[in-house]
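J.: Note that the protein sequences, when read in sequence, are chains A and B. Offset between the first sequence (1-based) and our numbering: plus 19. Offset between the second sequence (1-based) and our numbering: plus 19. Just so you know, even glycine gets a beta-carbon here, dropped at the ideal spot from N, CA and C. Quick one: structure below, then a few questions.
2 protein chains.
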Amino acid sequence: MPPTDAANPDTGGPCLSLRRVAIDTYRENVAYLHRDCDVYRAEGFQALSKVEVRANGQRILATLNVVEDPRIVQPHELGLSIDAFEHMGVDNGHPASIWQAEPPESIAALHRKINGERLGREDFHAIVRDIAGHRYSKIELSAFVVATNRGELDREEVYFLTEAMIASGRRVDWHERLVVDKHCIGGIPGNRTSMLVVPMVAAHGMVCPKTSSRAITSPAGTADTMEVLAEVELPFDRLMAIVREHRACLAWGGTAHLSPADDVLIAVERPLSLDSPGQMVASILSKKVAAGSTHLVLDIPIGPSAKVRSMPEAQRLRRLFEYVAGRLGLSLDVVITDGRQPIGQGIGPVLEARDVMRVLENHPQAPQDLRQKSLRLAGRLLECDPDVRGGDGYAIARDILDSGRALQKMQAIMAAQGQKPFDHHHPPLAPLSFEVLAEQDGVVTGIDNLQLARVARLAGAPKVASAGVDLAFKLGDTVARGQPLYRVYAAYPADLEFARQCCQRASGYTLGEAQDMPHVFVEF
Amino acid sequence: MPPTDAANPDTGGPCLSLRRVAIDTYRENVAYLHRDCDVYRAEGFQALSKVEVRANGQRILATLNVVEDPRIVQPHELGLSIDAFEHMGVDNGHPASIWQAEPPESIAALHRKINGERLGREDFHAIVRDIAGHRYSKIELSAFVVATNRGELDREEVYFLTEAMIASGRRVDWHERLVVDKHCIGGIPGNRTSMLVVPMVAAHGMVCPKTSSRAITSPAGTADTMEVLAEVELPFDRLMAIVREHRACLAWGGTAHLSPADDVLIAVERPLSLDSPGQMVASILSKKVAAGSTHLVLDIPIGPSAKVRSMPEAQRLRRLFEYVAGRLGLSLDVVITDGRQPIGQGIGPVLEARDVMRVLENHPQAPQDLRQKSLRLAGRLLECDPDVRGGDGYAIARDILDSGRALQKMQAIMAAQGQKPFDHHHPPLAPLSFEVLAEQDGVVTGIDNLQLARVARLAGAPKVASAGVDLAFKLGDTVARGQPLYRVYAAYPADLEFARQCCQRASGYTLGEAQDMPHVFVEF
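Okay, structure coming up:
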């Protein structure tokens with residue numbers, strides 16, 4: 020298409036020819052304009068944080084990069100990075116125009132929050148609409164996250180933020196009296212209780228449409244681990260059909276468009292390692308309410324390397340969750356659990372899937388901590404059923420698990436979602452590995468959740484499902500010098516090397532005397 | 020160069036072949052890795068906010084983009100964006116490696132600040148070192164800027180921050196008893212008093228090595244305007260020689276490496292429109308002290324569309340400047356000025372250069388407000404000379420200007436820096452233009468600094484030096500319906516159109532009755 024200065028019927032502005040630039044810019048739209056562009060003065064746009072690209076009736080905000088190589092874009096072309104081009108839904112050569120991006124409408128409210136003011140319901144709705152609409156730059160998102168961090172939001176503001184996040188996306192109505200879910204605030208590797216709790220409560224007949232996220236900074240999310248066993252990226256209609264038939268699913272939540280502002284915010288919160296109580300409550304409860312849950316059991320683990328490190332902190336968090344859940348009409352049961360170490364044996368999708376299947380099959384090597392925690396959480400959830408007496412839930416859950424009905428339900432869910440071949444007796448682990456050995460005799464008095472997660476992540480998890488860490492010892496175990504504490508699996512030499520360097524800096528294990536072990540007083 | 024898995028003697032890691040990717044990513048280092056890279060698992064890096072690239076003994080942090088087009092990078096290559104490649108100082112094909120970027124050391128201090136804690140001297144030094152070393156991502160920079168915003172820094176913390184910013188770069192010692200400078204906190208278009216004050220005080224014999232920034236969000240900085248008349252990008256040694264010979268210079272400060280952390284922070288503060296008192300004080304005073312100034316006159320304009328909008332606010336800001344300057348041993352004289360409207364007639368480099376030259380030549384069309392303000396500021400600066408009696412400065416400055424000695428000094432500075440051809444009787448204005456007409460009869464009761472700056476900027480200033488806005492009326496002038504309020508100049512049709520749309524939304528002028536004009540009570 021020749022360059023033209025004529026107004027473009029599609030967009031109203033001077034017209035360039037759209038071109039897919041095969042660069043994956045990871046969650047950031049980038050537009051590529053040649054320095055000698057025929058129509059626009061590239062430099063005029065570049066100092067701006069964003070430009071608006073219009074084509075085919077679509078408008079997206081993008082960062083502008085100026086190109087000097089006509090093999091990437093020519094002077095009459097406008098390049099778009101892979102995701103941005105896909106969003107436009109057109110072919111190469113489609114006419115497009117660039118506009119000065121107006122600052123998002125809610126920017127004045129953001130500035131008031133930065134200056135320490137309290138915001139009202141409408142302010143939060145305006146900000147969250149702009150965030151969900153991808154109208155905030157990373158810089159602005161980061162500003163919002165910091166300005167609403169610890170202590171900067173009162174509990175009513177957290178409620179407004181949660182409500183706005185629910186309103187930013189789809190809200191599901193299952194037309195059921197009781198729709199249950201469980202959730203953990205995160206931070207504990209291997210903690211795959213959802214994949215056990217969901218089949219147990221569904222086997223009891225409860226509706227439990229579990230949608231999960233993929234790991235962002237952890238070595239595996241429930242969606243990543245479930246993906247070892249079955250498809251998890253399902254169209255939302257199919258998800259609904261599966262839930263109607265089997266009472267449950269275990270799927271990735273990304274296709275459901277639930278609380279989309281949350282997904283945008285998380286992309287900034289995670290690199291900053293910010294997870295303030297207000298943001299955590301808004302993130303978790305908005306997803307649950309949007310997913311149509313009526314009853315939620317929430318797991319808050321405490322431990323020296325967990326997200327929450329003391330009981331007073333856990334209690335403050337519990338009260339905030341309960342306040343906001345109350346305002347939203349969600350029935351919430353918070354349980355405070357032992358978060359001193361990873362749960363189960365494996366860390367990483369394949370290893371965690373193995374642990375889950377062993378528990379479901381009542382295998383002698385099934386990790387007992389994962390089994391016990393899942394039974395107790397399922398028990399609490401079962402007690403949401405008005406026909407179950409308080410205190411009876413655990414025994415019912417155990418009966419469901421021991422009888423094989425949980426396994427049966429899981430197999431039904433896997434089959435419905437699209438089962439994948441996986442033999443947990445011979446899990447397909449990554450080909451490269453090394454062991455980390457105990458440097459002295461002693462009792463395991465500490466396992467650092469953060470360090471073990473880091474090692475598994477460097478080894479390739481969760482993108483490489485077969486990578487991760489397999490623990491040989493847990494808290495309280497006695498170890499002899501030279502015994503392997505854990506084995507690290509990786510698929511690529513560079514990953515193996517990164518993980519090895521990390522283990523050399525710190526194994527993550529502390530060995531000492533039995534009485535040095537940190538105690539936690541939790542419900543279970 | 021063939022791909023190789025062997026460790027690279029230069030970097031210690033597996034080796035790729037470096038390639039310049041001709042994409043200008045504007046102040047952000049980007050590394051391009053092919054999806055099927057021979058050595059690294061591209062996806063493994065991508066979730067990280069930064070990777071570290073090593074080559075030729077250099078290490079830089081970069082954002083990773085994954086490429087699917089071998090014309091951009093091949094599987095054995097590592098691409099770098101234009102600036103990043105240049106930084107490495109090597110040719111295409113040089114071996115390079117990628118590493119997981121460790122979080123910057125000071126990140127724990129940043130988190131404490133985000134959580135509202137007071138930081139100590141060492142914390143600020145650590146943070147500023149990491150910022151100046153480009154070890155903070157945009158997200159982290161934004162977090163720092165918001166966490167240290169209004170009210171979050173006490174005055175001693177502002178002092179620590181300023182001191183740390185001075186320590187992050189070069190500090191000049193002129194070996195002179197008296198090194199003077201003037202500075203304005205900004206926000207007033209056309210306010211080019213430096214280009215008049217500097218030659219006046221230098222003609223008196225004072226040392227005034229003025230280095231300025233280029234405009235980032237305004238339509239012209241002093242460096243942009245001076246560049247119309249002479250070279251401003253001079254090697255630092257040459258700058259020192261010019262100052263030794265002529266007592267003054269008017270140059271761009273970018274080559275001097277003064278307070279480099281400030282340049283990094285500004286890139287985030289400006290898109291956020293954040294300019295909190297603490298950050299402003301640290302930014303301005305660190306540059307001045309690093310530049311070796313001993314005496315500073317600081318201009319704080321007040322007005323309804325200025326940065327400072329009330330006298331109490333101006334007084335609070337003055338006290339903070341004075342406290343920090345005192346701790347740093349800098350002699351400071353703050354003057355609060357009339358910031359209700361642009362200064363002078365022209366907005367944009369060429370138009371402002373014309374105004375400056377008219378004042379220096381005592382031309383009948385010289386803008387009187389620019390002349391008067393410059394005389395008064397120069398007078399205050401002259402009174403730093405112990406031989407000048409308090410109150411005599413203005414008359415001395417006027418004598419220097421009226422006698423032509425200021426013009427002579429300016430011509431000497433221009434010649435020394437490398438004069439450019441510029442005829443201010445026939446300034447080379449951009450070829451496209453339009454007028455904005457008064458929609459009613461009335462007295463000009465308001466001129467919006469922000470809107471006029473926006474129009475000039477959209478028209479192309481400062482990148483297009485000949486673009487901008489030429490004002491026909493100022494506050495208090497009587498206008499008849501249909502008379503042109505101002506003329507907008509642009510070099511490109513798209514720019515002209517953007518500026519026209521902006522003027523249609525709001526002309527920036529308010530017409531009313533004489534008594535509606537806002538009053539300000541300022542020193543001059």
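Under 8 Å Cβ to Cβ from A344 (chain B), same chain only, skipping five residues before and after it: list those, please.
T.: Taking the first residue of the second sequence as 1, we reach residue 344 (chain B) at position 325. Contacts found: L304, L315, S350 and L351.
J.: Just mark G224 (chain B) as buried or exposed, buried being the case when its beta carbon has 16 or more other beta carbons within 10 Å.
T.: Your numbering for residue 224 (chain B) matches position 205 in the second sequence. G224 (chain B) should be labelled exposed.
J.: Run through DSSP, which three-state label would L52 (chain B) get?
T.: By one-based count along the second sequence, residue 52 (chain B) stands at place 33. Note: L52 (chain B) maps to strand in three-state DSSP.
J.: The segment 77 to 88 of chain B: which residues have C-beta closer than 9 Å to a C-beta of chain A, in chain order?
T.: Answer set for the segment 77 to 88 of chain B: T82, L83, N84, V85, V86, E87 and D88.
J.: Per the DSSP calculation, I79 (chain A) is bridged to which residue(s)?
T.: For the purposes of this step, residue 79 (chain A) is identified with residue 60 of the first sequence, where counting begins at 1. A:V72.
J.: A249 (chain B) by DSSP, collapsed to three states: which one?
T.: As a position in the second sequence, residue 249 (chain B) is number 230, starting the count at 1. Residue state, collapsed to three classes: strand.
J.: Does DSSP put N111 (chain A) in a helix, a strand or coil?
T.: Along the first sequence, read from residue 1 onward, the residue named residue 111 (chain A) stands at position 92. Here N111 (chain A) sits in coil by DSSP.
J.: By the criterion of Cβ-Cβ separation under 8 Å, what are the contact partners of D281 (chain A) in chain B?
T.: By one-based count along the first sequence, residue 281 (chain A) stands at place 262. Going along chain B, no residue has its Cβ under 8 Å from D281 (chain A), so there is no contact; the nearest lies around 17 Å.
J.: Below 8 Å, can you find three or more Cβ-Cβ pairs linking the segment 38 to 54 of chain B to the segment 98 to 105 of chain B?
T.: Contact between the segment 38 to 54 of chain B and the segment 98 to 105 of chain B is present, because at least three Cβ pairs lie under 8 Å.
J.: Within the chosen definition, does the segment 363 to 376 of chain A reach the segment 197 to 204 of chain A through at least 3 CB pairs nearer than 8 Å?
T.: The segment 363 to 376 of chain A vs the segment 197 to 204 of chain A: no contact.
J.: Use the C-beta contact count for P447 (chain A): other C-beta atoms within 10 angstroms, 16 or more gives buried, fewer gives exposed.
T.: Position 428 of the first sequence holds residue 447 (chain A). With fewer than 16 other Cβ atoms within 10 Å, it is exposed.
J.: Taking the continuous beta strand (DSSP E) assigned at V300 (chain A), which residues delimit it?
T.: For the purposes of this step, residue 300 (chain A) is taken as residue 281 along the first sequence, with counting starting at 1. Element bounds for V300 (chain A): not the beta strand (DSSP E) but the alpha helix (DSSP H), P296 to A309.
J.: Chain B beta carbons: is any one of them nearer than 8 Å to that of P290 (chain A)?
T.: Numbered from 1 along the first sequence, position 271 holds the residue referred to as residue 290 (chain A). Output row for P290 (chain A): interface = yes.
J.: Taking V507 (chain A) as the query, report the chain B residues whose CB atoms sit under 7 Å from its CB, ordered along the chain.
T.: Position 488 of the first sequence, counting from 1, holds the residue named residue 507 (chain A). The contacting residues do not exist; V507 (chain A) stays about 14 Å from chain B at best.
J.: Please state whether DSSP places P22 (chain A) in a helix, a strand or coil.
T.: Your numbering for residue 22 (chain A) matches position 3 in the first sequence. In this predicted model, P22 (chain A) has a pLDDT of only 36, less than 50, meaning its place in the structure is not dependable; the value taken from the coordinates is given anyway. The answer is coil: DSSP assigns P22 (chain A) none of H, G, I, E or B.
J.: Would you call the CB atoms of A267 (chain A) and I419 (chain A) closer than 8 Å?
T.: The count along the first sequence starts at 1 and reaches residue 267 (chain A) at position 248. The count along the first sequence starts at 1 and reaches residue 419 (chain A) at position 400. Cβ atoms of A267 (chain A) and I419 (chain A): not closer than 8 Å.
J.: Report the option in B:N48, B:F492, B:E87 and B:A435 whose CA atom is closest to the CA atom of M259 (chain B).
T.: As a first step, residue 259 (chain B) must be located in the second sequence, where it is residue number 240. M259 (chain B) has its Cα closest to that of B:A435, out of B:N48, B:F492, B:E87 and B:A435.
J.: Give the C-beta separation of P208 (chain A) and L471 (chain A) to the nearest angstrom, bearing in mind that I take them to be a contact with Cβ-Cβ under 8 Å.
T.: Taking the first residue of the first sequence as 1, we reach residue 208 (chain A) at position 189. Taking the first residue of the first sequence as 1, we reach residue 471 (chain A) at position 452. At roughly 5 Å, the Cβ-Cβ gap stays under 8 Å, so P208 (chain A) and L471 (chain A) are in contact.
J.: Apart from the five residues just before and just after R190 (chain B), which ones in its own chain have a Cβ nearer than 6 Å to its Cβ?
T.: The residue labelled residue 190 (chain B) in the question sits at position 171 within the second sequence. So the qualifying residues of the chain are A309.
J.: Against chain B, which members of the segment 34 to 46 of chain A pass a CB distance test of less than 7 Å?
T.: The segment 34 to 46 of chain A vs chain B, Cβ under 7 Å: A41, I42, D43, T44 and Y45.
J.: Quick one: does K157 (chain B) have its CB under 8 Å from some CB of chain A?
T.: Translated into positions along the second sequence, residue 157 (chain B) becomes position 138. Judged by the 8 Å Cβ criterion, K157 (chain B) is in contact with chain A.
J.: In chain order, what are the residue ranges of uninterrupted alpha helix (DSSP H) at least 4 long that sit wholly in the segment 418 to 483 of chain B?
T.: Correct list: 424 to 436 and 468 to 477.
J.: Quick one: what does DSSP say K392 (chain B) is sitting in, helix, strand or coil?
T.: As a first step, residue 392 (chain B) is located in the second sequence; it is residue number 373 there, counting from the start. If DSSP states are grouped into helix, strand and coil, K392 (chain B) belongs with the helices.
J.: Among residues of its own chain, excluding the 5 on either side of R390 (chain A), which ones have a beta-carbon nearer than 7 Å to its beta-carbon?
T.: The residue given as residue 390 (chain A) occupies position 371 in the first sequence. These residues qualify, in order along the chain: V378.
J.: Taking DSSP as the reference, what is the three-state secondary structure of N27 (chain B)?
T.: Counted from its first residue, the second sequence places residue 27 (chain B) at position 8. Reliability of the predicted coordinates at N27 (chain B) is poor, the pLDDT of 48 falling under 50, and the value obtained from them is presented with this limitation in mind. Residue state, collapsed to three classes: coil.
J.: Report back the beta-carbon spacing between F453 (chain B) and Q119 (chain A) to the nearest angstrom; my notes put them in contact at under 8 Å.
T.: Stepping through the second sequence from its first residue, residue 453 (chain B) is reached at position 434. Stepping through the first sequence from its first residue, residue 119 (chain A) is reached at position 100. Not quite, the Cβ-Cβ distance comes to about 18 Å (not below 8 Å), so this is no contact.
J.: Among the candidates A:D489, A:V85 and A:A499, whose CA atom is the shortest distance from the CA of Y45 (chain B)?
T.: The sequence position of residue 45 (chain B) within the second sequence is 26, counting from 1. Looking at the Cα atoms, A:V85 is the closest of the given residues.
J.: Assign P537 (chain B) to one of three DSSP states: helix, strand, or coil.
T.: Numbered from its first residue, the second sequence carries residue 537 (chain B) at position 518. Coil, per DSSP.
J.: Let me know the secondary structure DSSP gives G345 (chain A) once reduced to three states.
T.: For the purposes of this step, residue 345 (chain A) is taken as the residue at position 326 of the first sequence. Helix, per DSSP.
J.: Look at the alpha carbon of G139 (chain B) and the alpha carbon of A162 (chain B), and state the distance between them as a whole number of angstroms.
T.: In the second sequence, residue 139 (chain B) corresponds to position 120, counting from 1. In the second sequence, residue 162 (chain B) corresponds to position 143, counting from 1. Taking the straight line joining both Cα atoms gives about 18 Å.
J.: Buried or exposed for P114 (chain B), please, with buried defined as at least 16 other CB atoms from any protein chain shown within 10 angstroms of its CB.
T.: Along the second sequence, one-based indexing puts residue 114 (chain B) at 95. Buried is the call here.
J.: Which residues in the same chain have their Cβ closer than 8 Å to the Cβ of L291 (chain A), if we skip the five residues on either side of it in sequence?
T.: Reading the first sequence from its first residue, position 272 is the one you call residue 291 (chain A). Taken in chain order, the residues that qualify are S161, V164 and V165.
J.: Taking only runs that begin and end inside the segment 151 to 188 of chain B, name each unbroken alpha helix (DSSP H) of 4 or more residues, in chain order.
T.: Entirely contained in the segment 151 to 188 of chain B, the alpha helix (DSSP H) runs reaching 4 residues are, in chain order, 157 to 166 and 174 to 186.
J.: Please work out which residues of its chain come closer than 7 Å, Cβ to Cβ, to Q502 (chain A), disregarding the five sequence neighbours upstream and downstream, and give them in chain order.
T.: Here residue 502 (chain A) refers to the residue found at position 483 when the first sequence is read from its first residue. Closer than 7 Å at the Cβ level, and outside the excluded window around Q502 (chain A), lie L456 and A457.
J.: Whose Cβ in chain A lies nearer than 7 Å to the Cβ of A166 (chain B)?
T.: One-based indexing of the second sequence puts residue 166 (chain B) at position 147. Correct list: V165.
J.: Suppose the cutoff is 7 Å on Cβ atoms and the five residues either side in sequence are ignored; what does the same chain contact list for N210 (chain B) look like?
T.: Position 191 of the second sequence holds residue 210 (chain B). The answer, listed in chain order, is C203 and I362.
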